[in-house]
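Beneath this line is the structure, given in structure tokens, with notes to follow.
Numbering (UniProt numbering), first residue to last: 1 to 107.
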């Protein structure tokens, strides 16, 4: 059993439908996959890793809890302007990747 590996360069050619099906399957069955030929420069990936490492270090040092995003989220959890407290809130880390389709249809 191995983590699904998707070749992103195949989205531009005749293998688009098959590649989209592999992405769908990987998301459904695994919840994640590894991308090859994604076009993201290694220096940008290194920068993202450094920023994430810094954020996790802040979380361990207490600076994280004093950051503006955390304060705003805590206000929402505690009811904020609505007065309605949010229950069962999970903290999670998310990496958001904006998709530029260049006119190609989305799945």
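No residue lacks a Cβ here, since even glycine has one placed at the ideal position from N, Cα and C.
Whole-Å CB distance - residue i paired with residue j, under 8 Å assumed
i	j	result
residue 23	residue 33	7 Å
Span separating the alpha-carbon of residue i from that of residue j
i	j	result
residue 4	residue 26	6 Å
residue 74	residue 53	22 Å
residue 57	residue 43	21 Å
residue 76	residue 68	12 Å
residue 55	residue 41	21 Å
residue 2	residue 30	10 Å
residue 28	residue 17	16 Å
residue 110	residue 15	In the structure as shown, the chain starts at 1 and stops at 107, and residue 110 therefore has no counterpart that could be examined.
Neighbourhood of residue i by C-beta distance below 7 Å, restricted to the same chain and skipping five residues each side
i	result
residue 51	none
6 Å Cβ shell around residue i - same chain, five flanking residues per side excluded
i	result
residue 66	none
residue 45	none
| field | Meets three-Cβ-pair contact criterion under 8 Å: the stretch 3 to 12 and the stretch 26 to 37 | value | Short answer: they touch.
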